[in-house]
Every structure is written in structure tokens, then in C-alpha cells.
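**Q**
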Amino acid sequence: MPKLKEKHAPLAEQILAGKAVRAGTRDKRRGRGVEEEEEYVRPWLSRRILQQARQQQEELGTADQPAKPRERATRLGLGVPQDGSEDEDKEWPTLEKAAKMTGVDHQAEVVVDPEDEQVIEMFIKNPPTRHTLADIIMEKLTEKQTELVTVMSEVSGFPMPQLDPRVLEVYRGVREVLSKGRSGKLPKAFKIIPALSNWEQILYVTEPEAWTAAAMYQATRTMAQHFYNLVLHPRVWDGIAEYKQLNFHLYMALKKALFKPGAWFKGILIPLCESGTCTLREAIIVGSIITKCSIPVFPPSAAMLKIAEMEYSGANSIFLRLLLDKKYALPYRVLDALVFHFLGFRTEKRQLPVLWHQCLLTLAQRYKADLATDQKEALLELLRLQPHPQLSPEIRRELQSAVPRDVEDVPVTME
Numbered sequence: 234m235p236k237l238k239e240k241h242a243p244l245a246e247q248i249l250a251g252k253a254v255r256a257g258t259r260d261k262r263r264g265r266g267v268e269e270e271e272e273y274v275r276p277w278l279s280r281r282i283l284q285q286a287r288q289q290q291e292e293l294g295t296a297d298q299p300a301k302p303r304e305r306a307t308r309l310g311l312g313v314p315q316d317g318s319e320d321e322d323k324e325w326p327t328l329e330k331a332a333k334m335t336g337v338d339h340q341a342e343v344v345v346d347p348e349d350e351q352v353i354e355m356f357i358k359n360p361p362t363r364h365t366l367a368d369i370i371m372e373k374l375t376e377k378q379t380e381l382v383t384v385m386s387e388v389s390g391f392p393m394p395q396l397d398p399r400v401l402e403v404y405r406g407v408r409e410v411l412s413k414g415r416s417g418k419l420p421k422a423f424k425i426i427p428a429l430s431n432w433e434q435i436l437y438v439t440e441p442e443a444w445t446a447a448a449m450y451q452a453t454r455t456m457a458q459h460f461y462n463l464v465l466h467p468r469v470w471d472g473i474a475e476y477k478q479l480n481f482h483l484y485m486a487l488k489k490a491l492f493k494p495g496a497w498f499k500g501i502l503i504p505l506c507e508s509g510t511c512t513l514r515e516a517i518i519v520g521s522i523i524t525k526c527s528i529p530v531f532p533p534s535a536a537m538l539k540i541a542e543m544e545y546s547g548a549n550s551i552f553l554r555l556l557l558d559k560k561y562a563l564p565y566r567v568l569d570a571l572v573f574h575f576l577g578f579r580t581e582k583r584q585l586p587v588l589w590h591q592c593l594l595t596l597a598q599r600y601k602a603d604l605a606t607d608q609k610e611a612l613l614e615l616l617r618l619q620p621h622p623q624l625s626p627e628i629r630r631e632l633q634s635a636v637p638r639d640v641e642d643v644p645v646t647m648e
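FYI, the numbering for the sequence shown is 234 to 648, going by this note's numbering.
1) Within the continuous alpha helix (DSSP H) that includes C592, where are the two ends?
2) Does DSSP put Q395 in a helix, a strand or coil?
3) Helix, strand or coil for G520, going by three-state DSSP, please let me know.
4) From Y600 to K582, what distance separates their C-alpha atoms?
5) Quick check on the DSSP output: the alpha helix (DSSP H) that includes C506 runs from which residue to which?
6) My output table needs one value for N431: the three-state DSSP class, helix, strand or coil.
7) By the 10 Å Cβ neighbour count, where 16 or more other Cβ atoms means buried, how is F531 classified, buried or exposed?
8) Does DSSP put A245 in a helix, a strand or coil?
9) Verify whether the separation of the beta carbon atoms of A496 and Q434 is less than 8 Å.
10) My output table needs one value for V530: the three-state DSSP class, helix, strand or coil.
11) Does the Cβ of A447 have 16 or more other Cβ atoms within 10 Å, making it buried, or fewer, making it exposed?
12) Applying the 10 Å Cβ sphere with the 16-neighbour rule, what's the burial state of T595?
13) Go to F423, then tell me how far its alpha helix (DSSP H) extends in each direction, as first and last residue.
14) I'd like the list of long-range same chain contacts for R399, defined as Cβ closer than 6 Å, with 5 residues on each side in sequence excluded.
15) Anyone know if the C-beta pair for P586 and K559 falls short of 8 Å?
16) Would you say the beta carbon of N462 comes nearer than 7 Å to a heavy atom of the ligand ZN?
17) Between which two residues does the alpha helix (DSSP H) carrying V469 extend?
18) Assuming the contact rule is C-beta atoms closer than 8 Å, Y545 and A486 should be a hit. Round their C-beta distance to whole Å, please.
19) Below 8 Å on the Cβ atoms is my contact criterion, and I expect I517 with L556 to pass it. Report the Cβ-Cβ distance as a whole number of Å.
20) Quick check on L479: does DSSP put it in helix, strand or coil?
21) Going by Cα to Cα distance, which pick from V636, L604 and T580 is closest to P620?
22) Can you tell me which of the three DSSP states T375 falls into?
23) Would you kindly work out how many angstroms separate the C-alpha atoms of F423 and Q478, rounded to a whole number?
24) Would you tell me roughly how many angstroms separate the C-alpha atoms of E372 and H466, rounded to the nearest one?
25) Quick test of the definition: if touching needs 3 or more C-beta pairs under 8 Å, does the region 600 to 610 touch the region 628 to 637?
26) Could you tell me if Q284 is buried or exposed, where buried requires 16 or more neighbouring beta carbons within 10 angstroms of its beta carbon?
27) Helix or strand or just coil, what does DSSP make of M485?
28) With a Cβ-Cβ cutoff of 8 Å, do I528 and L491 count as a contact?
29) In three-state terms, what does DSSP make of W444?
30) When you compare the CB of V519 with every CB in chain D, is at least one pair closer than 8 Å?
31) To which residues of the same chain is Q395 closer than 8 Å at the C-beta, ignoring the five residues directly before and after it?
32) Only counting the same chain, and skipping five residues up and downstream in sequence, which positions put a Cβ closer than 8 Å to that of L401?
33) Here's the rule: buried if 16 or more other CB atoms are within 10 angstroms of the residue's CB, otherwise exposed. What is M543?
34) Taking 8 Å as the threshold (C-beta atoms), are W589 and S708 in contact?
35) What is the DSSP secondary structure of T580, counted as helix, strand or coil?
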């Protein structure tokens, strides 16, 4: 049976139908198009709009009512916009909120085991006479003034020039701001202090011991090694000794100081270890910053070499263990110094703290393949002389499970 052919309409009807507008399908996205037309307003634009609206309301209110004196809020700025990002300014007042949101309990007292603290105190030197921050700065100023007076008297015979009264007036005003400020930017006059030749003398005028914790935090961003050693470190030390905890702003100042890792290790960590009086609580607080922050390899390597060669204290084991746990690719010179550091305890008669054994275990776990054969044999002999019931078997197992660095792996030949 032949197929039926489809019949087309006459040509005239096709032409007329082509000129007509056909009804399209129903648009089901009727409500969605309206939503797409609404643009998203960014936060900074919203703040600007709200600020303008608030100013207009205040202007309308002042036109009808007599003006009322406004209370001035003390800030760390001079009320004039200064160079820097706007986001950094809004960081300072919200630090406490950020700590609560992230779960950082900075004001919780650090719990220390009395037995561990008693063992570590056996390795702590007799504490020297504590100097206040003003005493330290005055000693530095006296030394520098003596040098300058000697040099200038030899050259020209003129006395050392004193500070200009206008300079004193400016930095006394900076002192008032830093002693009361809670938020905002630092004054520009303070930011140029590191570039001055007599920066210690200028810094003394601002009285750093009277700064607020928030001001200390922000000043850390401007200063470096000398500031860390002379100002920040004593303030942190005093805070921990007095309150058994560390103010959040001071903790953030220590953390922010790591933006210059070389100055941080030279100005804070190394002096803390060299003092020989670092307590377990101080070591735990400072060590937590090492754990949380990412640090380039070279400053920690130099710090480990320095700590390994200095006289031992319990805090040294904490810092070495935390730095070893970061798994840096250490030079052989640093590893050799660490091995000799532990071998120096072969004739030690005092009971070694658990922290010492934990540090040795960390070295064996992280760098067992980078030790030489004679170093492993010496460490195994050390375990026999200085044993620990739980940790020594684990250290021995780690040392015996790896191939030394001076032994080449011989491939197994299939016969």
C-alpha cells in the first residue's frame, strides 16, 4: 500500500502565515527574572550608605535641638586618615570577638604538672635580679650617651645635643595616646621611630611600660628585634608572672611579631633560653605560637643550632621538640649539633625531665634516616645510661628501624 504524502497548504497561505507573529511557549521563569535584576550591595557600600544616612539624621536633629557635647573616645590615631588598609583598622576592636568565635581561650590559666615543674626547676639557674623595662632602656641610653659624648668630645669638644623641645612635646602626646588607646591606628610620629638614629631615647620618652596591651600589639607591627628584646619580651614576661596567663593582645603581639622571623628568634626566643630562668608556663605559651604559625626554614634552623649549643634548661627541650615537629629539611650541621646536645647528658646524675626524653623521641621519629651509623650507636648507648620506662623502648625501636645516611641502599637482585 503506497505511503500517504503530506499535503502542503497553498503558497499564498504559507506566505501570510510567515508574516504573522506566532505565540511562544509560556515563560515559567516569570518570578526569577525579577530576582536576577536585583543587584547585591557590597558591605563597604552598605557602611557608606548607613554612614551618610546617620550624618543626615544628626544634621536634622541638630537643626531642631540644641547641640549636646559628645564624649570623645580615645583612639590610637589622631583622627586623620593615614596610610594603610581599611581592613586592618577594623581588626583591632574585634580581636576579642574573633578569639571567642575561633575558640581560642587566651585567658585560661595554663595548667602545669607540679612534678614536671619541680624536675625542670632543677635545671633552672638562680634567677638574676629583675630589672624593670625603664631600667633596661636607661642602661642602653646611658651606654649610647657615653659613647656619643666620648666621640663628640674627641672630634669637636661639643656636648651631646639634647632633644628639641618640639620633639619632646610631640612624643609626650604620643605617650598619652598609647597609654589610653584601645583601638585605631598608631600616630605617624610613632611609625618613624625605627628609622631614627636615637630611637631608644625617643622610645623612652613614650614610656612603653605604661602602654595599653592593644598599643603594645600594634607597636609590634612597627618595631623589630630591638623592640622585641627591650619592650615586648619584658612586658610578656611580667604579664605571665603576675596573672599566670597572657593578655590576648599581648599574645597576638607575639604572634604578629613573627612577620620578621629572624628578629623574633633573636629578640624573643634566644634571650628567653639564654636567661636560664624560663618557666614551664612561659615555654608553653611561647611554644604555642611556634606550633600555630608557618615559619621559613632558615631562622628556626639557626635557632635550633644556637639552643643545642647553649647550657641546658627544661624550656630548651620544649622549643626543640616543637621545632623538630615542623619537619624542616635541616642541614647536617644542625642535626649533628642536636645529637651532640643529647650525648652531653651521658654523665648527668640528675633526673632528666620527661620533656628531654620526648624531645629525643621526636628527633628519632623525624630524622632517623638522616643520622649516621656512629650517631645511632651513640644514642643507643645513651638510652642505656639515661633510660625511661615508657619512652626509651620507643626511641630504640625508631633508631633501629631506619637505614643510616652513610649506608647506601643495595638493590636486591633476582636470581
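From the three backbone atoms N, C-alpha and C, an ideal C-beta is built for every residue, glycine too.
**A** Taking the definition as stated:
1) Where C592 is concerned, the enclosing alpha helix (DSSP H) stretches over V587 to Y600.
2) DSSP places Q395 in coil when its eight states are reduced to three.
3) The three-state reading of DSSP puts G520 in helix, counting H, G and I together.
4) Here the alpha carbon of Y600 sits roughly 28 Å from the alpha carbon of K582.
5) It spans I503 to S508 - the alpha helix (DSSP H) in which C506 sits, taken as one unbroken run.
6) Assigned with DSSP and collapsed to three states, N431 falls in coil, not helix or strand.
7) Burial call: exposed.
8) Three-state DSSP puts A245 in a helix.
9) In this structure, Q434 does not lie closer than 8 Å to A496 by Cβ.
10) For V530, the secondary structure class from DSSP, reduced to helix, strand or coil, is coil.
11) Residue burial annotation: A447 is buried, with at least 16 other C-beta atoms found within 10 angstroms of its C-beta.
12) Buried: at least 16 other Cβ atoms inside 10 Å.
13) Run containing F423: K421 to K424, per the alpha helix (DSSP H) assignment.
14) Setting aside the 5 residues that flank it on each side, R399 has no residue in the same chain whose C-beta is closer than 6 Å to its C-beta.
15) The answer is no: Cβ separation not under 8 Å.
16) The ligand ZN is not part of the structure shown, which contains no ligands of any sort.
17) Element bounds for V469: H466 to Y476.
18) In fact, because the Cβ distance is near 29 Å, the residues do not count as touching under 8 Å.
19) Actually they are not in contact, since the Cβ atoms of I517 and L556 sit about 15 Å apart, beyond 8 Å.
20) The three-state secondary structure of L479, taken from DSSP, is coil.
21) Comparing Cα-Cα distances from P620 to each of V636, L604 and T580, the minimum goes to T580.
22) The three-state reading of DSSP puts T375 in helix, counting H, G and I together.
23) Q478 has its alpha-carbon roughly 29 Å from the corresponding atom of F423.
24) When only Cα atoms are considered, E372 and H466 end up about 17 Å apart.
25) Between the region 600 to 610 and the region 628 to 637, the count of C-beta pairs closer than 8 Å reaches three or more; the two stretches touch.
26) When all chains shown are included, Q284 counts as exposed.
27) Residue state, collapsed to three classes: helix.
28) Going by C-beta atoms, I528 is nearer than 8 Å to L491.
29) DSSP places W444 in coil when its eight states are reduced to three.
30) Structure shown: chain D not included; a single protein chain is present.
31) The beta carbon of Q395 lies closer than 8 Å to none in the same chain, with the five residues before and after it left out.
32) In the same chain as L401, and ignoring 5 residues on each side of it, the C-beta atoms closer than 8 Å to its own belong to V438, in chain order.
33) Classification for M543: exposed.
34) Residue 708 lies beyond the residue range present for the chain, which begins at 234 and ends at 648; the question has no answer from this structure.
35) Three-state DSSP puts T580 in coil, outside helix and strand.
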